[in-house]
Every structure is written in C-alpha cells, then in structure tokens.
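Asks: In our numbering, the protein residues as written are 3 to 63. The C-beta atom is built at its ideal place from N, Cα and C for all residues, glycine as well. Everything numeric in this text was worked out from a predicted model, so none of it was measured.
(1) DSSP on residue 7, reduced to helix/strand/coil?
(2) As a quick exercise: from 58, 43, 57, pick the residue whose alpha carbon is nearest that of residue 12.
(3) Apart from the five residues just before and just after residue 7, which ones in its own chain have a Cβ nearer than 7 Å to its Cβ?
(4) Count the other CB atoms, across all protein chains shown, that sit within 10 Å of the CB of residue 21; report buried if there are 16 or more and exposed otherwise.
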C-alpha cells in the first residue's frame, strides 16, 4: 500500500469515527466527544499527508 493510500485511509477512518460519534448522540443522547476529537484529528492528519504528497509530486519529487 502506498503512502498516499495510507493517508486516504486515515481520512476515511476519521470521518467514520465522526459518524459513529454522531450516531451515538442520536441513539443515546450522549455525544461521544472523544470519538469526535479522535476522528477530526485523524481526518486532518490524513488530509495534510495527502496534500504534502501531492505537492511533492507537483514539484517533481
């Protein structure tokens, strides 16, 4: 698996964690802040990684 694929997987997992946090809020009335924070962090790290890789490709690296 390429490095870019790994970062894309991080974005997907982060968004999935956010969805689970929202689903938990709807079903139980309790918003899972720790899941939302973890999901947001994963999505941001993944997006920044993909951006860095794409920028490197554009520069010819």
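Replies: For this structure:
(1) helix
(2) 43
(3) none
(4) exposed
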